[in-house]
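If you count by this note's numbering, then the sequence shown holds residues 1 to 385, one letter each, in order.
What follows is a short report on a single structure.
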Amino acid sequence: MTVGLWQTADTEHATPTQAAVVVIGAGIIGSYLALRLREQHDDVLVLEARHVAGGASGRNGGLLLSGIAHNYAAACTHYGRELTRELWRTTIRNREAMIAWATRLGTPVRRCGSYVLASSEREADELRASVALMAEDGFAAEWHSTDPLGRGFVAGLSNAGDGVIQPALLTAALLKASGAALRETAEVYALLSGEDGVLVRARGGDVLAQRVVLATNAWTPLLLPEFAATVVSARGQLLATAPAPRVLERACYCDEGFEYFQQLPDGRFVLGGFRNLAFAEEATYADHTTSGIQSALDAFLARYFPELADIPVERRWSGTMGFTSDGLPLVGRLKRDERIAYAIGFNGHGLGLGMVVADELLYELAGTGSGSIFTARRLLPEVVA
Numbered sequence: 001m002t003v004g005l006w007q008t009a010d011t012e013h014a015t016p017t018q019a020a021v022v023v024i025g026a027g028i029i030g031s032y033l034a035l036r037l038r039e040q041h042d043d044v045l046v047l048e049a050r051h052v053a054g055g056a057s058g059r060n061g062g063l064l065l066s067g068i069a070h071n072y073a074a075a076c077t078h079y080g081r082e083l084t085r086e087l088w089r090t091t092i093r094n095r096e097a098m099i100a101w102a103t104r105l106g107t108p109v110r111r112c113g114s115y116v117l118a119s120s121e122r123e124a125d126e127l128r129a130s131v132a133l134m135a136e137d138g139f140a141a142e143w144h145s146t147d148p149l150g151r152g153f154v155a156g157l158s159n160a161g162d163g164v165i166q167p168a169l170l171t172a173a174l175l176k177a178s179g180a181a182l183r184e185t186a187e188v189y190a191l192l193s194g195e196d197g198v199l200v201r202a203r204g205g206d207v208l209a210q211r212v213v214l215a216t217n218a219w220t221p222l223l224l225p226e227f228a229a230t231v232v233s234a235r236g237q238l239l240a241t242a243p244a245p246r247v248l249e250r251a252c253y254c255d256e257g258f259e260y261f262q263q264l265p266d267g268r269f270v271l272g273g274f275r276n277l278a279f280a281e282e283a284t285y286a287d288h289t290t291s292g293i294q295s296a297l298d299a300f301l302a303r304y305f306p307e308l309a310d311i312p313v314e315r316r317w318s319g320t321m322g323f324t325s326d327g328l329p330l331v332g333r334l335k336r337d338e339r340i341a342y343a344i345g346f347n348g349h350g351l352g353l354g355m356v357v358a359d360e361l362l363y364e365l366a367g368t369g370s371g372s373i374f375t376a377r378r379l380l381p382e383v384v385a
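Structure below.
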C-alpha cells in the first residue's frame, strides 16, 4: 500500500473529513464489523481499496464449514484437546451466525451438508479418529469407511449441519444493512497517530478518526509493519465450469483442505486448491492464475468427475488469503495506539470464523471480553495493548 508523492497532490493539503470510526476493508469481516459498530456509533465510514467483496470475500469457494483446516484428530495433536474443542464450538457458532444473517438478508444459502474426504490411508485413519474424538466432545459427525461419493477417495467424514453461501452478495448485504458510509477505490496507505485522532491517509481524501478498525487480512503488514513476520499472503486459485448435470449435493473438502469443491444450484462446478504444489510461488499478492495449479485443478476434475471433462471451464480466478504463524486469526489493539484495532489473519477460513472473531474484537473494544483465544498477545505481546 504505497502511493507516489505525485498521486496525492490534489488531496494532501485538504482538510480531512472526520469520522467516529473508520473500518478499513469492505470484505465480509469489515462489512459485519461496520454493521455491529453502527449499533454504538452513528458515524461509521468504510474505506475499501477496490470494491465491496473485491478481495478474498468475493473470491473463495463459498463453503461454510465447521472446523478448521486440520481435521479434529490432527488439530488435537497440533493445538491440544481443549483448544481444539473451543475452536470447533467457535466455528459452529460462526456457521449458524452466517446462515442466520444470509437468511435474514435474503442472500443465497443452502444447508446442504459437507464431506471431508480422505485422499490417503493416513488421512482416512485421522478422519476415523476424528469422528471418535468429536463424539466424545459432543460434536456430530458420521464416519464413512469408503468413499461416500463413490469416486475414488479413500474414506470420508460427513457433517449434516454445514452448507454453502454466496459470499459476495452476503458481504454487500451486510454493508448495506449497516447504514455505514462507504468509499470504494479509497486505498489506505498510512495511519498517523495524533492527539486529536488517527489520520487515515487514503486515496480520494484523508479522514481523521477517533477509532480505526482494520479488516485487511493479508494486506495488514503493508499498513502495520509490526505484523510483517506474523501475517503472510497466500494466493488461492479456483475455477468454475459452465452449468453441468448434477453430480454433487454437498460441499466437499479433501486432502487436508488443499482441495475444496461444490456444485451450484445452476449446475456450475466450483473447484479450488493445490496451493500446496507451489507454496513459495503462491506466497504472493499477485492477482493472476498459473498454468501449473490450473492444470492440477483440471486433472483433479477429470480424475474424480470424468463426466465433466467435456464441460467448458467458464472462469478461472485467484484470491489473496492471510495466514498467521500459528494458523489462527488475530484480534486486538495496538500498544502504540490503542485507537487502532484489527481482526485479521483468517488462514483461508474467513467464512468459517469471521463473524465470531469480529464479535470477539468488539467485546474487547467494549471492555466486556473475557479473553479471546484469538488474541494477538499470544504471538505479539510486545505490540498488543
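Think of the CB as a built atom: it goes at the ideal place given N, C-alpha and C, for glycine as much as any other residue.
Terminal residues of the alpha helix (DSSP H) in which residue i lies
| i | result |
| --- | --- |
| E314 | Element bounds for E314: not the alpha helix (DSSP H) but the beta strand (DSSP E), V313 to T324. |
| Y32 | I28 to L37 |
| F153 | It is not in any alpha helix (DSSP H) - F153 carries neither H nor E in the DSSP assignment. |
| D294 | Per the sequence shown, the amino acid found at residue 294 is Gln instead of Asp. Unbroken alpha helix (DSSP H) run through Q294: S291 to Y304. |
| A177 | P167 to S178 |
| T241 | T241 -> not in any alpha helix (DSSP H); beta strand (DSSP E) instead, spanning V231 to T241. |
| Y342 | Careful: Y342 lies outside any alpha helix (DSSP H), inside the beta strand (DSSP E) at I340 to I344. |
| L5 | Taken as a continuous stretch (DSSP letters only), L5 belongs to no alpha helix (DSSP H), as it is neither H nor E. |
| G387 | Because the chain here runs from 1 to 385, residue 387 falls outside it and cannot be looked at. |
Span separating the alpha-carbon of residue i from that of residue j
| i | j | result |
| --- | --- | --- |
| Y253 | R89 | 19 Å |
| A118 | F153 | 6 Å |
| R246 | D310 | 14 Å |
| D196 | E39 | 24 Å |
| Y304 | S158 | 18 Å |
| L37 | L362 | 8 Å |
| E259 | R275 | 9 Å |
| A173 | A26 | 11 Å |
| G54 | S120 | 35 Å |
| P312 | F269 | 10 Å |
| R250 | T171 | 23 Å |
| A34 | G348 | 21 Å |
| D147 | L301 | 16 Å |
| V383 | G106 | 41 Å |
| P16 | I293 | 45 Å |
| R95 | G161 | 9 Å |
| F227 | P329 | 12 Å |
| A73 | E282 | 27 Å |
| D125 | R85 | 20 Å |
| V52 | K176 | 10 Å |
| W317 | T284 | 14 Å |
| L133 | R151 | 27 Å |
| S130 | A69 | 13 Å |
Closest residue to residue i among the options (Cα-Cα distance)
| i | options | result |
| --- | --- | --- |
| Y115 | E136, L87, E96 and N71 | N71 |
| T2 | V384, T320, E187 and R333 | E187 |
| L47 | G257, L308, Q18 and A69 | Q18 |
| G332 | G369, S291, M321 and A376 | A376 |
| G327 | L35, I29, H13 and L83 | L83 |
| H288 | G236, I99, A278 and E338 | G236 |
| A190 | Q166, A209 and L223 | L223 |
| R104 | A141, E86, G67 and L169 | L169 |
| Q262 | V44, L65, V52 and S57 | L65 |
| G23 | C76, P329 and Y342 | Here residue 23 is Val; the residue named in the question, Gly, does not match the sequence. Out of C76, P329 and Y342, Y342 has the C-alpha closest to the C-alpha of V23. |
| T386 | H144, L214, L271 and G138 | Nothing can be reported for residue 386, as the shown portion of the chain is limited to 1 through 385. |
| A140 | G113, A124, V164 and R122 | G113 |
| E184 | L192, R203 and P167 | R203 |
| T397 | A49, L45, H41 and D10 | Because the chain spans 1 through 385 in this model, residue 397 falls outside it and cannot be assessed. |
| Q166 | I28, L239 and M134 | I28 |
| A155 | K335, L127, V213 and L297 | L127 |
| I92 | L351, T11 and S233 | L351 |
| E307 | V356, L248 and S233 | L248 |
| S31 | A181, L199 and A209 | A181 |
| L277 | G267, S291 and D266 | S291 |
| E123 | E364, G273, G257 and E360 | G257 |
Collapsed DSSP secondary structure at residue i in the structure displayed
| i | result |
| --- | --- |
| E184 | coil |
| T90 | helix |
| C254 | strand |
| L263 | It should be noted that the sequence gives Gln, not Leu, for residue 263. Here Q263 sits in strand by DSSP. |
| I373 | coil |
| S145 | coil |
| Q40 | coil |
| R333 | strand |
| Y285 | coil |
| L224 | coil |
| A160 | coil |
| G194 | strand |
| R110 | strand |
| V131 | helix |
Span of the beta strand (DSSP E) around residue i
| i | result |
| --- | --- |
| I68 | Counting along the chain, I68 falls outside any beta strand (DSSP E), and DSSP gives it neither H nor E. |
| S114 | S114 to A118 |
| T17 | T17 to I24 |
| G197 | G197 to A202 |
| A140 | Where A140 is concerned, there is no enclosing beta strand (DSSP E), given that its DSSP letter is neither H nor E. |
| V213 | V207 to L214 |
| G273 | F269 to G273 |
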